[in-house]
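Peer 1:
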Amino acid sequence: MFRKEQYNFASTKYYCHENKKTTIDEIVNLQTIVGEFSYESLNIMPDKSKPHLLLPINPPEVWGCGVTYKRSAEMRDEDTTGAKGIYDHVYFAERPELFFKATSSRCSGPNDYINIRSDSVLTAAEPELAYILGKDKEIIGYTVCNDVSAWDIERENPLYLPQSKIFYGCCALGPVISLCSEIKNPYNLDITCKIIRNGKTIFSGEINSSQIKRKFEELTEFLCRDNPILPGTVMTTGTGIMVPNDYALEPDDIVEIGIENIGKLSNPVKKL
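Written out as structure tokens, the structure is:
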């Protein structure tokens, strides 16, 4: 039912029941608990009265990578006011675009709310493959990320990027961490995204991670250059699924992001 090796890095925070945190070791070792809860029964909206999935990891920091897919560079240059060509330039540049994204307090777990800034009218889902770094800066696992972004703020002026990226509920992670032994080739994973409104799918997109331009080791090297990081730091690798402006997020939408061999991350939307 539960595979300890798949969840061991998230062992300190897996599900919550009446404010009591239960570790994966406890789940694995206590047959009564294993028999009582299935993954499906835990994959519900957060409720203090019921066991449910939490963030698979409490990251000390989450960092983002931008313009790692060609389509992202093209679309961002089309929509930016002024400074034309900067995104296409960084796509081909030696140095990647890296930015600080979140701390654990700004992250949402499976089925928890992601947020729209109160001063944004065009906030979009950005479905991404993310990886987790260990103490020696090695990749120890992969998860799904929604890099929720206020596109209208960034498009007004690229210098507003931090405000478009960093706010409460700006980053969703989950539903699990798949170890490297389970992801044989991270550069050949199908990534899908759906936006559901009033019970109907209004947007559906897909891409394969083979279209990412940069290797993850390259991204990690730039991140860690003169910048010490803590174990458990999450790096999210950029999006290649560009949601049209007509499908900007609205309150009560549901965003579903699936990545092959990891799972589906689902989050409802609200406005701050």
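Going letter by letter, the sequence shown gives residues 5 to 276 in our numbering.
For glycine and all other residues, C-beta sits at the position ideal for the given N, C-alpha and C.
As the structure is a computational prediction, the values presented were derived from the model and not from experiment.
Does residue 97 pass the burial test, meaning 16 or more other C-beta atoms within 10 Å, or should it be called exposed?
Peer 2: Translated into positions along the sequence shown, residue 97 becomes position 93. Looking at its Cβ environment, which holds fewer than 16 other Cβ atoms inside 10 Å, residue 97 is exposed.
Peer 1: Return yes when the Cβ of residue 134 is within less than 8 Å of the Cβ of residue 148, no when it is not.
Peer 2: Reading the sequence shown from its first residue, position 144 is the one you call residue 148. Reading the sequence shown from its first residue, position 130 is the one you call residue 134. For residue 148 and residue 134, yes; Cβs fall inside 8 Å.
Peer 1: Does the Cβ of residue 40 have 16 or more other Cβ atoms within 10 Å, making it buried, or fewer, making it exposed?
Peer 2: Taking the first residue of the sequence shown as position 1, residue 40 is located at position 36. Answer is exposed; the Cβ neighbour count stays below 16.
Peer 1: Please state whether DSSP places residue 74 in a helix, a strand or coil.
Peer 2: Here residue 74 refers to the residue found at position 70 when the sequence shown is read from its first residue. Of the three classes helix, strand and coil, the one that applies to residue 74 here is helix, per DSSP.
Peer 1: Measure the Cβ-Cβ separation of residue 209 and residue 63 and say whether it is below 8 Å.
Peer 2: As a first step, residue 209 is located in the sequence shown; it is residue number 205 there, counting from the start. As a first step, residue 63 is located in the sequence shown; it is residue number 59 there, counting from the start. No, the pair does not count as a contact, with Cβ atoms beyond the cut-off.
Peer 1: Going by beta carbon distance, what residues of the same chain come within less than 6 Å of residue 275, once the five residues before and after it are set aside?
Peer 2: In the sequence shown, the residue the question calls residue 275 occupies position 271. Answer for residue 275: 120 and 255, listed in chain order.
Peer 1: With the cut-off set at 8 Å, would you say residue 229 and residue 72 are in Cβ contact?
Peer 2: In the sequence shown, the residue the question calls residue 229 occupies position 225. In the sequence shown, the residue the question calls residue 72 occupies position 68. Not in contact: residue 229 and residue 72 (Cβ atoms no closer than 8 Å).
Peer 1: Under the rule that 16 or more other beta-carbon atoms within 10 Å means buried, what is residue 93, buried or exposed?
Peer 2: Sequence index remark: in the sequence shown, residue 93 carries index 89 (1-based). With fewer than 16 other Cβ atoms within 10 Å, it is exposed.
Peer 1: Just the Cα atoms here: how many angstroms apart are residue 5 and residue 44?
Peer 2: As a first step, residue 5 is located in the sequence shown; it is residue number 1 there, counting from the start. As a first step, residue 44 is located in the sequence shown; it is residue number 40 there, counting from the start. Legend: pLDDT at residue 5 = 27, less than 50; position of this residue unreliable, value from coordinates given subsequently. Their Cα atoms are separated by approximately 10 Å.
Peer 1: Could you tell me if residue 66 is buried or exposed, where buried requires 16 or more neighbouring beta carbons within 10 angstroms of its beta carbon?
Peer 2: Translated into positions along the sequence shown, residue 66 becomes position 62. By the 10 Å Cβ count, residue 66 comes out buried.
Peer 1: Please determine, among 115, 155 and 262, the residue with the shortest C-alpha to C-alpha distance to residue 126.
Peer 2: The count along the sequence shown starts at 1 and reaches residue 126 at position 122. That would be 155, whose Cα lies nearest to the Cα of residue 126.
Peer 1: Going by C-alpha to C-alpha distance, which of 70, 95 and 214 sits closest to residue 243?
Peer 2: One-based indexing of the sequence shown puts residue 243 at position 239. Looking at the Cα atoms, 70 is the closest of the given residues.
Peer 1: State the CB to CB distance for the pair residue 227 and residue 246, rounded to an integer number of angstroms; the pair is presumed to be in contact (CB under 8 Å).
Peer 2: Against the sequence shown, residue 227 aligns to sequence position 223. Against the sequence shown, residue 246 aligns to sequence position 242. So it is not a contact: roughly 24 Å between Cβ atoms.
Peer 1: Please state if the CB of residue 47 and the CB of residue 115 are separated by a distance shorter than 8 Å.
Peer 2: For the purposes of this step, residue 115 is taken as residue 111 along the sequence shown, with counting starting at 1. For the purposes of this step, residue 47 is taken as residue 43 along the sequence shown, with counting starting at 1. Yes, these two residues count as a Cβ contact at 8 Å.
Peer 1: Taking just the CA atoms, how far does residue 102 sit from residue 90?
Peer 2: One-based indexing of the sequence shown puts residue 90 at position 86. One-based indexing of the sequence shown puts residue 102 at position 98. Between residue 90 and residue 102, the C-alpha separation is close to 14 Å.
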